[in-house]
């Protein structure tokens, strides 16, 4: 297996359909195979940047980071019946929880690895070690 093909594989998970690299997620979105749902807070999307065409459905709400009581209904509204969803957060943690919940709702759900900004580096800064932006995928601020 070549390194490049490894980067475009789904890694199956027990609680949801799988983890997916950002470039493959973007291919699925572009081809209409999946809906992209951004589970970051409205504040994060406004301040840090967002992906064109992503549907915002907060997992936690700013400023208190409390659960979004409308998450289930908003997710169901975002994903057509029988469709699949790729979920994006900051670093790939909240999107795992959201993918798990989506699967419990009967939705074929995938977590986007590394999230929008990736892991924090030694200086506790994000955006330099991985993530959607670092990989050069479309976004705007």
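In UniProt numbering, the protein residues as written are 1 to 141.
The beta carbon of each residue, even a glycine, is placed where N, CA and C say it ideally should be.
Owing to the predicted nature of the structure, the values given are computational and were not obtained by experimental measurement.
Residue i - DSSP class collapsed to helix/strand/coil
i: residue 13; result: coil
i: residue 152; result: Nothing about residue 152 can be reported from this structure: the residues present for the chain run from 1 to 141 only.
i: residue 108; result: strand
i: residue 61; result: strand
i: residue 121; result: coil
i: residue 116; result: coil
i: residue 50; result: strand
i: residue 100; result: helix
i: residue 75; result: helix
i: residue 93; result: coil
i: residue 39; result: coil
Beta-carbon proximity of residue i to residue j, cut-off 8 Å
i: residue 16; j: residue 103; result: yes
i: residue 91; j: residue 119; result: yes
i: residue 110; j: residue 25; result: yes
i: residue 46; j: residue 137; result: no
Residue i beta carbon near the ligand FAD (any heavy atom closer than 7 Å)
i: residue 71; result: The ligand FAD is not part of this structure, which contains no ligands at all.
Close Cβ partners of residue i (< 8 Å) along its chain, the five nearest in sequence each way excluded
i: residue 83; result: 34, 35, 107 and 108
i: residue 76; result: 105 and 107
i: residue 52; result: 138, 139 and 140
Whole-number beta carbon distance between residue j and residue i, since they are thought to touch under 8 Å
i: residue 56; j: residue 72; result: In fact, because the Cβ distance is near 15 Å, the residues do not count as touching under 8 Å.
Same chain, Cβ closer than 6 Å to residue i, neighbours up to 5 away in sequence not counted
i: residue 62; result: 41 and 43
i: residue 49; result: 139 and 141
i: residue 89; result: 39, 40, 95 and 115
i: residue 54; result: 36 and 38
Neighbourhood of residue i by C-beta distance below 7 Å, restricted to the same chain and skipping five residues each side
i: residue 130; result: 114, 118 and 119
i: residue 13; result: 19
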